[in-house]
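Each remark here refers to the structure printed beneath this line.
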Amino acid sequence: MQWPRSVLIAVGAGCLVAAGLAAAAWADESQPSPASAPPPTGLLRWLNPATAPFIPIPEIDTAPHSGLTLGLIPTVLRTNARDEIEEIIAPDIIHSQYFGWGSRARIFGFPSDDTQWSVVGGLKQRVEREFDGRYATGQTRRGPHSWSLEAIYDRSGIPRFFGLGNRSVRATETSYVDNQGRLEALFGRNITHALQVAYVARLRYVDVLPRVLSKLPSIETRFPGLKGIGSEHELQHRLMLVYDTRDSLTIPQDGARYVVYGGFASRAVGSSVSYDYFGAEARRYWPLGRDFTLAWHAQLRYMPSARNAPFWALSSLGGDRSVLAEREPLRAYGDDRFIDRNMFATGIEARTRVVNLNAFGTRISLELAPFLDLGKVFAGMGESPLSHLHKGAGLGIRAVASPYVVGYLDIGYGHEKASVFSGLNYPF
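According to my numbering, the sequence shown is numbered sequentially starting from 3.
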């Protein structure tokens with residue numbers, strides 16, 4: 003399951019802190035102690051993973067475009083008899099370098115491996131607002147149908163645009179305010195446990211406004227003729243054929259997922275913009291030991307008719323996550339670093355669990371994952387997707403609370419500079 007970017011900023015980093023506290027607790031438990039030692043009281047009760055009423059998680063966000071955000075997240079994990087997380091409650095209070103004080107409320111529900119839901123909402127003193135509600139069921143495809151519904155409103159002041167093409171440079175960096183709302187529904191017909199045909203409908207309103215970050219030029223001053231500046235709306239339709247044999251949707255260690263897709267938005271069918279696209283994605287996981295998984299993915303996306311497409315609907319490379327039919331990660335660069343009609347990207351990770359601990363009422367594993375990301379964007383349909391690839395290499399530090407939660411801190415390095423990302427779920 004993919005979580006939207008607005009949900010990801012700090013909970014993953016908190017999971018890593020939880021793992022660190024758990025490691026400290028594990029070290030203490032390894033020392034000889036009286037069998038009848040009394041439970042801790044006072045401040046020690048709050049610092050002990052076994053007795054703390056919630057996890058006091060410091061929030062530190064340093065993603066490439068977001069500036070510095072600091073805060074605190076008092077997080078509550080509710081688990082079942084098998085020590086599996088069923089619910090996460092994670093409000094916060096934060097201070098953003100760009101937008102002042104703010105707060106968010108988050109609740110994630112995992113009633114079963116087949117059904118998940120979440121509600122996230124928040125605001126800051128200046129500019130930024132967010133809401134995301136999602137419900138998905140039939141995810142394991144044990145029944146004949148799967149469906150999901152998601153509603154998003156997001157007003158962000160940090161997006162960047164560097165120009166179109168695989169050779170765009172930092173000297174052309176601009177900023178803008180991205181104000182958008184989206185309603186998306188997916189309905190899937192499960193032909194077999196592994197094979198699914200799915201239809202996705204997305205109604206989206208996008209308003210690209212002048213920048214609020216004073217140190218960067220605004221997008222409309224440097225790229226005045228760029229399609230997508232101002233207000234647009236689209237009703238996008240997509241068909242997908244999915245073959246999925248993964249042993250877990252969130253924490254896969256074996257199996258594969260292959261997707262072939264195609265979609266369009268048209269002025270003749272409820273949109274102010276027109277474009278179409280098609281592509282394919284592959285993900286493969288090899289268990290090479292009890293605590294070692296080799297993970298690989300690739301995606302190829304083409305847009306045959308994109309002359310009337312807004313820039314925000316083009317193929318995107320950069321950031322820390324793979325989104326089917328939209329964008330691919332390149333963890334040495336910020337979100338949307340390279341944009342053009344077509345895209346190819348691939349990546350590989352070696353996920354190795356180095357510590358397994360019981361903490362905060364659940365089972366937490368600490369994982370290290372060296373990674374390599376490769377990719378490019380390009381305009382010509384006949385151009386080779388394998389030439390002039392951008393590269394990003396680095397190390398992922400993960401806290402895994404099976405079966406539904408992965409928190410990550412990924413550090414990538416490439417041609418321009420190092421980048422740091424944190425959040426929930428694997429990048430692919």
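Ideal Cβ positions, reconstructed from N, Cα and C, are used throughout, including at glycine.
Quantities reported herein were computed from a predicted structural model and do not represent experimental measurements.
With distances taken Cα to Cα, identify the nearest neighbour of residue i among the options.
i: Ala196; options: Ala401, Ala92, Asp246; result: Asp246
i: Arg131; options: Ser120, Gln182, Pro93; result: Gln182
i: Glu86; options: Pro113, Ile341, Asp156; result: Pro113
i: Gln255; options: Ser421, Leu296, Leu397; result: Leu296
i: Ile149; options: Thr77, Arg143, Ala138; result: Ile is not the amino acid found at residue 149; the sequence shown has Trp there. Residue Ala138 is the option with its Cα nearest to Trp149.
i: Ala284; options: Ser317, Leu326, Leu215; result: Leu326
i: Asp278; options: Ile57, Leu79, Tyr263, Phe101; result: Tyr263
i: Val121; options: Arg143, Ala282, Pro93, Tyr201; result: Pro93
i: Phe266; options: Pro58, Leu72, Glu328, Ile91; result: Glu328
i: Gly394; options: Gly382, Thr348, Val408, Val379; result: Thr348
i: Asp209; options: Pro312, Arg292, Thr117; result: Pro312
i: Gln141; options: Asn192, Glu88, Val129; result: Asn192
Look at the alpha carbon of residue i and the alpha carbon of residue j, and state the distance between them as a whole number of angstroms.
i: Val402; j: Phe280; result: 34 Å
i: Gly272; j: Arg355; result: 49 Å
i: Gln33; j: Leu368; result: Any answer about Gln33 is weak, because its pLDDT of 47 lies below 50 and its placement is not dependable; what the coordinates show is given next. Approximately 21 Å between the Cα atoms of the pair.
i: Pro219; j: Tyr178; result: 9 Å
i: Tyr207; j: Leu237; result: 9 Å
i: Ser465; j: Leu319; result: Here the chain comprises residues numbered 3 to 430, so residue 465 is not present and cannot be evaluated.
i: Ile95; j: Ser105; result: 4 Å
i: Leu243; j: Phe430; result: 18 Å
i: Ile166; j: Arg303; result: According to the sequence provided, residue 166 is Leu. The question's Ile does not apply to it. Between Leu166 and Arg303, the C-alpha separation is close to 16 Å.
i: Ile463; j: Ser386; result: The question about residue 463 has no answer here: the residues shown for the chain are numbered 3 through 430.
i: Trp288; j: Pro42; result: 43 Å
i: Asn358; j: Thr64; result: 27 Å
i: Thr174; j: Ser317; result: 19 Å
i: Tyr2; j: Gly398; result: Lying before the first or after the last residue shown, residue 2 is absent from the chain, which here runs from 3 to 430.
i: Phe189; j: Ser424; result: 30 Å
i: Ala25; j: Thr176; result: Here Ala25 scores only 42 on pLDDT, less than 50, and its place in the model is too uncertain to base an answer on.
i: Asp338; j: Gly44; result: 47 Å
i: Arg162; j: Gly230; result: 14 Å
i: Leu23; j: Glu330; result: At Leu23 the pLDDT is 43, less than 50, meaning the model places this residue with poor confidence; the figure from the coordinates comes in the next sentence. Between Leu23 and Glu330, the C-alpha separation is close to 33 Å.
Can you give me the start and stop residues for the beta strand (DSSP E) that residue i sits inside?
i: Glu88; result: 87-91
i: Tyr245; result: 232-246
i: Tyr287; result: 277-291
i: Ala107; result: 102-111
i: Arg259; result: 257-267
i: Glu132; result: 131-139
i: Ala203; result: 197-211
i: Ile160; result: Counting along the chain, Ile160 falls outside any beta strand (DSSP E), and DSSP gives it neither H nor E.
Looking at the structure shown, is residue i part of a helix, part of a strand, or coil, going by DSSP?
i: Phe313; result: helix
i: Ala381; result: coil
i: Thr174; result: helix
i: Pro372; result: strand
i: Ala187; result: strand
i: Phe56; result: coil
i: Met345; result: strand
i: Asn358; result: strand
i: Leu411; result: strand
i: Asp322; result: coil
i: Gln182; result: strand
i: Thr81; result: strand
i: Gln301; result: strand
i: Arg143; result: coil
i: His417; result: coil
i: Thr194; result: coil
i: Pro41; result: coil
i: Asp116; result: coil
Ends of the alpha helix (DSSP H) at residue i?
i: Glu222; result: 221-224
Write down the C-beta distance between residue i and residue j rounded to the nearest angstrom, noting that I regard them as a contact closer than 8 Å.
i: His417; j: Asn168; result: With a Cβ gap of about 12 Å, His417 and Asn168 do not count as contacting.
i: Leu72; j: Ile62; result: 6 Å
i: Met345; j: Gly377; result: 7 Å
i: Asp134; j: Ser158; result: At roughly 12 Å, the Cβ-Cβ gap does not stay under 8 Å, so Asp134 and Ser158 are not in contact.
From the beta carbon of residue i, is the nearest beta carbon of chain C less than 9 Å away?
i: Gly227; result: The structure shown has no chain C; it contains just one protein chain.
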